[in-house]
Amino acid sequence: MRTTRSTTLRNPSTALLAAVAILLGLLALSPTPAHAGPRSPGAAATGLHISNGRLLEGNGNDFVMRGVNHAHTWYPGETRSLADIKALGANSVRVVLSDGHRWTRNSAADVAAVIANCKANRLICVLEVHDTTGYGEDAAAGTLDHAADYWISLKSVLAGEEDYVVINIGNEPWGNTDPAGWTAPTIAAIKKLRGAGFQHTIMVDAPNWGQDWQGVMRANARTVYDADTTGNLIFSIHMYSVFDTAQKVTDYLNAFVAAKLPILIGEFGGPADQWGDPDEDTMMAAAQQLKLGYLAWSWSGNTDPVLDLAIGFDPARLSSWGRRVFHGANGIAQTSREATVFGGTAPDTRAPTAPGKPTASGVSSTSITLTWTAATDDVGVTGYEVVRVNGTTETTAAFSTTTTVTVPSLTPDTAYTFAVYARDAAGNRSPRSATVTVTTKKDTGTPGAGCSVGYRVTNEWPGGFQAEITVRNTGTATVNGWTLGFAFPAGQTVSTMWGGTPTQKGSSVTVAAAPYTSTIPVNGSVAVGFTGTMLTTNPAPTTFTLNGTTCTTG
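Here it is in structure tokens:
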């Protein structure tokens, strides 16, 4: 299986150098006038285009990408994937292609079929050449000039698709070796495509394997943008372990927004690696607050499956990372709005009616099932958001596409107040329903469901390691809310974790479920990943418990 995650931070520099790069980038952007340079009279809006730092549709509606990456060039037979991605709520998809330099070239006929598949599934299609990844550091990488020639060879199938297609010239087209060399070939490739008559919105990735930790794209963004005579250019930052704090995420995005330079998060990951733990919560929250697009990496097929959103290309087997992206706070299901080019020219601005007051059933010590009367909408309700109400504060507790949901991970013998909002396909939110207050049962110590646990080390380096824990429900009832317990045998400690919240005392570790991993259906499983420290050896824990019940291992 080929490696489809190519965005690892190579040869990471010190935090001080990264901070200096951030500061220089901010200084480079801040004093520049916010308006773009003069554009040619012929640069009228054609399909998707940029105006005042925003990506707009041809009819002038704002379009905010909410989608994922799909490795088509390595898995050309997975043609069902786009329909599955759409069914989970995405409005766009970034499709991996090859210009033939490094992998098998995707033909014009194949690219035309990809575009048709995107349109059939009402997805905006970002097409990217992956062969350029890490140029200047990876000897196998191709040039942006070669990628531009590939796009020109496809002009016959790309022309006329400006409403539906964005051209991402080349993926992560420069490594960490002399990243300042990124600017000139990026400008040259843009000019080459414009000279060939392309009017599409063009997307350009950052150097430093897409993460721009030395600030080259940020410092030169205005120069690159002004080199495009149409102004239809958007910058793409890839956010992985470099962006491990909220400040790094927000500083970078806000610098572009303040300068009215269009930007989106073209790739991002949540699971930690040996270089750090990406702050995906801030990435998604900031993108929503700033109305910027994001495209998560990646649907399926990674050599290291920690970044697979769906296991084995199966939408019914979302990983913990997949559940976070699609169903978590500020996730795709909650925030995506379909492009209006697929459904008329006027945006839907009418919110659904309020759902009925929820009623509680199936109350246990850790979960409650809520049911309510459906809301109505002039177009159609697409989902419901259940919130926990505490005075004037609301916290999202669950999402559902039906009129019932089980809220997990609650505290025994505790009163909770819940309410429900409805959403339609345009993202309009209804008034809040009436509230219901219900108290969970006391914890009687009833044994949990049968379980098995698999533990594997996925990466190791001197003094540290990365591991994955897979928890499977082998019982006869769904597990709603769980706590996992185990002990390290050789002095290991948990540093960062995703899929759960750890507490460690000495060698003993307890893990409370995250909201997006809290439910384990019968014969289903969830994955928890973490990075940790180790001494001289790294043996696996031998015993695991789930809600107090000892699990089988293996």
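Under the working numbering, think of the first position of the sequence shown as 20, with each following residue one higher. Cβ atoms here follow ideal geometry from the backbone N, Cα and C, with glycine treated the same way. Fair warning: this is a prediction, and the values are worked out from it, not measured in the lab.
It is roughly 50 Å from the alpha-carbon of TYR440 to the alpha-carbon of GLY155.
With 16 or more other Cβ atoms from the protein chains shown falling within 10 Å of its own Cβ, TRP517 counts as buried. Straight through space, the alpha carbons of VAL382 and TYR183 are spaced by roughly 47 Å. Residue environment analysis places ARG99 among the exposed positions, since fewer than 16 neighbouring C-beta atoms fall within 10 angstroms of its C-beta.
Taking one beta carbon from each stretch, the segment 501-511 and the segment 522-536 have 3 or more pairs nearer than 8 Å; the two touch.
The closest CA to that of MET303, considering only VAL261, GLY347, VAL406, is found on GLY347.
Just measuring C-alpha positions, the residue of SER449, GLY525, SER319, ALA438 sitting nearest PRO95 is SER319. Each residue's CA atom was taken as its position, placing MET258 and LYS461 some 43 Å apart.
Taken through DSSP and simplified to helix, strand or coil, CYS470 comes out as strand.
In this structure, VAL133 lies near HIS91, with their beta-carbon atoms less than 8 Å apart.
Straight-line spacing of the CA atoms in GLY179 and ASN78 works out to 16 Å. For THR269, the closest of ALA159, THR571, GLY399, GLN308 by C-alpha to C-alpha distance is GLN308.
ALA90 sits in coil when the DSSP states are folded into three classes, being neither helix nor strand. Residue environment analysis places SER527 among the exposed positions, since fewer than 16 neighbouring C-beta atoms fall within 10 angstroms of its C-beta. GLY567 and THR489 have their C-alpha atoms spaced approximately 17 Å apart.
THR459 counts as buried, since at least 16 other C-beta atoms from the protein chains shown sit within 10 angstroms of its C-beta. In the DSSP assignment, ARG407 falls within the unbroken beta strand (DSSP E) covering 400-409.
By a beta-carbon distance limit of 8 Å, THR301 does not contact THR242. Their separation comes to about 28 Å. In the DSSP assignment, VAL223 forms a beta bridge with PHE254. Under the three-state reduction of DSSP output, TRP340 falls in the helix class. In the structure shown, TRP228 falls within a coil segment according to DSSP collapsed to helix, strand and coil. Comparing alpha-carbon positions, the option among GLY200, TRP170, HIS149 lying closest to GLY189 turns out to be HIS149. A straight-line Cα-Cα distance of about 24 Å links SER338 and GLY229.
Sequence-distant Cβ neighbours of PRO450 in its own chain, meaning closer than 6 Å and more than five residues away, are ALA373.
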